[in-house]
RNA sequence: GUGGUUGUAGCUCAGUUGGUCAGAGCGCCAGAUUGUGGCUCUGGAGGUCGCCGGUUCGAGCCCGGUCAUCCACCCCA
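In this note's numbering, the protein residues as written are 37 to 493.
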């Protein structure tokens, strides 16, 4: 039999030990901030029933769902002719009833409805788990990646938005990433659609103007034309794109332009009150009202948030927003939620690029005992037990290999200290402790090793 | 789903118009140092040049196909 070439699916990655300790540094930081703000952790299964997932992310989103083939004889009673008549995608729904989660928000909404009687509202939860998208991978885009979500459900208060933005500020401050927080409100976008008389095209309009910064006004107008919006109406949008100045000034201009749109007025009011709250928080990060911010997920209804790292080209590293009726589809009406999602993998890429990881993030065990043979190893083992029970990370090299090899190993694994207890030392009743950074060696009595290790910690 | 890029040693890559073109650096192993890592020096192992086919006296190089990869678009963390 030919040997298999090892490999993993496109867009997925292995994480080695050093990578993992850096990733954990990110997860721990985010977790700590979430907990400080009173969010409680939950987990949900990797797979959901497909009907939980379908239709929540728009047409594009549905296509990007990984579907799981039913077990057993799933073709029994399957009409093969429908494969040709309705296409593979439609036919797949007949033989797949499960799918991998696409984000953490929709499973959360499902969780809330299913457990509504065990939950105290407003319910604040966080969740750190992988999600999967059958996208074509590219820079900063993976098919399996981790999201770190915090959501509050069951409260309309803008204090929740403020709290989440506070969390964003704290997380990126602790990680050392300079970010710009962009804010908008879907109701303002709806107001804009009203304003040009195309309320039903809100989705097309927002997707188009989302690209304003990236592709320029001409390309946006072109796209709007393709979506069937008249030149005259496009012309009415121009003054909106021209809105500049401080957040307040932008809001004032918007109030003028959108004064006849009820949702526009509503959204402007919300944005204004949110800005008032943020002023109190004295955030370190810049935050900015950006009316070109749209965000693709179509369950958002109010505030929308996006965070970009300032010193790299990697796209958005955190996003979120308010969704007024995500639980409605699962049978729990009139419950509003708001949440943010940190993209751990992109945050990793940003920090790696900018070399923001502290050195400790990659460190391993502190102490390694050299193995000189059976008798010496037994002696070291007895010392190892004491270190372990004192909570000090230490290990004994498992084989009596050449000293050179053992030291190279200790070097490669970044041990801080190496303990040498060979025949000579055992006779003298002493240990040699070698500092792997300075190269210095000191003689230490076995009874003093623990004290020394504690001191050096 | 659309367009493009690149596939040569474990890794990063060089290879000039098809004719000593099977190479470098790093890593790995061994030795200089029979109980001392990182630095230095010396030596060594390791590749059917992604895969299949075609053109040719001759293909890593040209052509076709295929697979993989990365990048961009769509969309998104």
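No residue lacks a Cβ here, since even glycine has one placed at the ideal position from N, Cα and C. Keep in mind the model is a prediction, meaning the values are calculated, not measured.
Alpha-carbon spacing of residue i relative to residue j, whole angstroms
i	j	result
residue 405	residue 60	27 Å
residue 269	residue 44	50 Å
residue 56	residue 49	12 Å
residue 433	residue 451	12 Å
residue 273	residue 368	37 Å
residue 390	residue 411	49 Å
residue 97	residue 357	17 Å
residue 455	residue 427	17 Å
residue 265	residue 322	34 Å
residue 132	residue 444	52 Å
residue 382	residue 344	10 Å
residue 289	residue 91	36 Å
residue 238	residue 189	25 Å
residue 479	residue 392	37 Å
residue 422	residue 221	59 Å
residue 364	residue 149	9 Å
residue 167	residue 137	6 Å
residue 259	residue 244	6 Å
residue 484	residue 473	21 Å
residue 348	residue 159	35 Å
residue 228	residue 335	18 Å
residue 463	residue 457	10 Å
residue 419	residue 144	49 Å
residue 376	residue 470	48 Å
residue 47	residue 200	30 Å
residue 155	residue 72	20 Å
residue 402	residue 475	15 Å
residue 294	residue 180	41 Å
residue 37	residue 346	Residue placement at residue 37 is flagged as unreliable, the pLDDT there being 44, under the threshold of 50; the coordinate-derived value follows with that caveat. About 52 Å.
residue 12	residue 316	Outside the displayed span of the chain (37 to 493) sits residue 12, for which this structure offers no information.
residue 225	residue 134	34 Å
residue 187	residue 373	7 Å
residue 489	residue 380	34 Å
residue 78	residue 185	10 Å
residue 481	residue 487	10 Å
residue 213	residue 387	7 Å
residue 177	residue 100	13 Å
residue 287	residue 304	6 Å
residue 53	residue 68	22 Å
residue 51	residue 262	44 Å
residue 325	residue 256	20 Å
N- and C-terminal bounds of the alpha helix (DSSP H) containing residue i
i	result
residue 231	222-231
residue 247	That residue, residue 247, is in no alpha helix (DSSP H); it is neither H nor E in DSSP.
residue 142	141-150
residue 56	53-72
residue 312	298-317
residue 114	Run containing residue 114: none; DSSP gives neither H nor E here.
residue 289	283-293
residue 445	439-448
residue 154	Per DSSP, residue 154 belongs to no alpha helix (DSSP H) and is neither H nor E.
residue 270	267-277
Whole-Å CB distance - residue i paired with residue j, under 8 Å assumed
i	j	result
residue 139	residue 183	7 Å
residue 309	residue 194	5 Å
residue 283	residue 329	Not really, about 13 Å apart at Cβ, beyond 8 Å.
residue 223	residue 302	5 Å
residue 339	residue 197	5 Å
residue 378	residue 66	6 Å
residue 209	residue 320	5 Å
residue 407	residue 436	5 Å
residue 76	residue 161	6 Å
Delimiting residues of the beta strand (DSSP E) encompassing residue i
i	result
residue 166	159-168
residue 470	467-471
residue 462	Residue 462 -> not in any beta strand (DSSP E); alpha helix (DSSP H) instead, spanning 459-464.
residue 134	132-136
residue 476	Here residue 476 belongs to no beta strand (DSSP E), and DSSP marks it neither H nor E.
residue 181	180-189
residue 15	This structure cannot settle anything about residue 15, because the visible part of the chain is limited to 37 through 493.
residue 322	322-325
residue 95	Not the beta strand (DSSP E): residue 95 falls in the alpha helix (DSSP H), residues 94-99.
Proximity test, residue i beta-carbon vs the ligand FAD heavy atom, cut-off 7 Å
i	result
residue 407	In terms of ligand content, the structure shown is empty, and the ligand FAD therefore cannot be addressed.
>> Three or more C-beta pairs under 8 Å: does that hold for the stretch 238-253 against the stretch 349-366?
In response: Result no; under three Cβ-Cβ pairs closer than 8 Å.
> Taking the runs of the beta strand (DSSP E) that are 3 residues or longer, which of them lie wholly in the stretch 352-396?
Replying inline: 352-359, 373-379
> Touch check for the stretch 194-210 and the stretch 169-179: three-plus C-beta pairs under 8 Å?
Replying inline: no
> Of all the alpha helix (DSSP H) runs that stay within the bounds of the stretch 399-437, which reach a length of 4 or more residues?
Replying inline: Segments of the alpha helix (DSSP H) lying fully in the stretch 399-437: 410-425.
> Quick one: complete beta strand (DSSP E) runs, 3+ long, within the stretch 192-222?
Replying inline: Counting only runs of 3 or more, we get 215-221.
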